[in-house]
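For the sequence shown, my numbering begins at 176 and goes up steadily by one. For every residue, glycine included, the Cβ atom is placed at its ideal position computed from N, Cα and C. Take a look at the structure set out below.
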Amino acid sequence: MQGIAAALGPLFLLILLGAVLGMSRIPGGDFWVRMERLIYFLLFPAMLIATLAQSNMSEVPVARVAIVLLGAMLIFSALLWWLKPHIGLDAASFTSVFQGAVRFNTYVGVAGAAALHGSLGATTAAVALALMIPVVNVLCVITFIAAGTLGRSGLWRSITALAQNPLILACLIGIGLNLSGIGLPSWSAGTLELLGRAALPLGLVAVGVALRPQALLRRDLGLWVSSLIKLALMPALVIALAWLLRLDPVSRDVALLFAALPTATSAYILARQLGGDAELMAGLITAQTLVAMATLPLWMRLVA
């Protein structure tokens, strides 16, 4: 437990630092809004490209990892739609509950995988992202469409945003460079690696800045349903699937880590733009991030 705490503790401290900076409004203005855009559109994609383009993917059991992570995601997506008539949520609230249950915080995931298992953990995490990012984005867009929160312009905007998603594009570029044998020529490898090193610490601080403690005052059934699935049921199912498919310890740990992550802070922006319940989404992000600081080490300890 001490080793897991030592690996994940610094990540949580960076998130808490971000929360303090956000509440103190340091450095002020729209600094963090611009910084988050820089991380999302440049630094994190650079890290994904550098990792995927240079990694030895034969070290990762891609098919079994895909079955575990995507299988759990699809099962709980179907469960949420089955539960929808029984939990009495309006369309906007349901889309936020759905995002809260299936989306995941990529910054915490990659940083945690690297902290726990070094370069192989980072490679496995990058492969997991390449599998999960396109699927989770498509699922969320389908949910907004099916729930009826999108107007015609919103539908076109969401499809365009999906096609231009920088993380999806980075995964495709990185995998293409790897499979083609081109890799990262000349100085591009060093440049992308340097950019990528800045992504995780800044991304974790930005997660903390995005927390909205006042949103926790809203007591909503959807918040409990979504958080129960994301922080308890999803990890439990992934452990069972990983055991059935006999994943190696590194792949199992990374799969469990991604299953037990809190939801993504970017879900708030999506909820605001596509007709979701943005206030509920802010509450979900804040509650799950804070609770995951306790539950994530416990899940990792369970399989250690």
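Status (buried if at least 16 other CB within 10 Å, exposed otherwise) for residue i
{"i": "N353", "result": "buried"}
{"i": "L218", "result": "buried"}
{"i": "Q339", "result": "exposed"}
{"i": "M176", "result": "Its pLDDT being 46, under 50, M176 is placed unreliably in this model, and the coordinates cannot settle the point."}
{"i": "P202", "result": "exposed"}
{"i": "D428", "result": "buried"}
{"i": "F433", "result": "buried"}
{"i": "G365", "result": "exposed"}
{"i": "W207", "result": "buried"}
{"i": "P260", "result": "exposed"}
{"i": "F216", "result": "exposed"}
{"i": "L183", "result": "buried"}
{"i": "S355", "result": "exposed"}
Beta-carbon spacing of residue i, residue j below 9 Å
{"i": "G287", "j": "L436", "result": "yes"}
{"i": "L196", "j": "G349", "result": "no"}
{"i": "A225", "j": "L375", "result": "no"}
{"i": "G397", "j": "S252", "result": "no"}
{"i": "V240", "j": "R278", "result": "no"}
{"i": "I414", "j": "W474", "result": "yes"}
{"i": "L431", "j": "V478", "result": "yes"}
{"i": "P185", "j": "A345", "result": "no"}
{"i": "L244", "j": "M307", "result": "yes"}
{"i": "L391", "j": "I242", "result": "no"}
{"i": "N280", "j": "T470", "result": "no"}
{"i": "I250", "j": "L412", "result": "yes"}
{"i": "I179", "j": "P360", "result": "no"}
Terminal residues of the alpha helix (DSSP H) in which residue i lies
{"i": "I242", "result": "237-262"}
{"i": "G284", "result": "281-322"}
{"i": "L473", "result": "453-478"}
{"i": "I224", "result": "219-229"}
{"i": "E234", "result": "First-last for E234: undefined, no H or E at that position."}
{"i": "Q274", "result": "266-277"}
{"i": "R200", "result": "Premise fails: R200 is in no alpha helix (DSSP H) and is neither H nor E."}
{"i": "F206", "result": "206-213"}
### Query
Are the region 267-285 and the region 451-470 touching by the rule of at least three beta carbon pairs closer than 8 Å?
Yes, they touch.
### Query
Within the chosen definition, does the region 215-234 reach the region 413-422 through at least 3 CB pairs nearer than 8 Å?
Verdict: no, contact absent.
#### Entry: Completely contained alpha helix (DSSP H) runs for the region 417-451, where each covers 4 or more residues
Listed in chain order, the complete alpha helix (DSSP H) runs (minimum 4 residues) inside the region 417-451 are 424-434, 441-448.
### Message
Extract the residue ranges of the beta strand (DSSP E) inside the region 349-401, only unbroken runs of 3 or more that lie entirely within it.
### Response
Along the region 349-401, the beta strand (DSSP E) does not occur as any fully enclosed run of 3 or more residues.
### Query
Any contact of the region 456-469 with the region 381-390, i.e. 3+ C-beta pairs under 8 Å?
With the rule of 3 Cβ pairs closer than 8 Å, the region 456-469 counts as touching the region 381-390.
### Message
Using a Cβ distance threshold of 8 Å, determine whether the region 292-307 contacts the region 440-448, with at least three qualifying pairs required.
### Response
Here the region 292-307 does not lie against the region 440-448, with fewer than 3 beta-carbon pairs under 8 Å apart.
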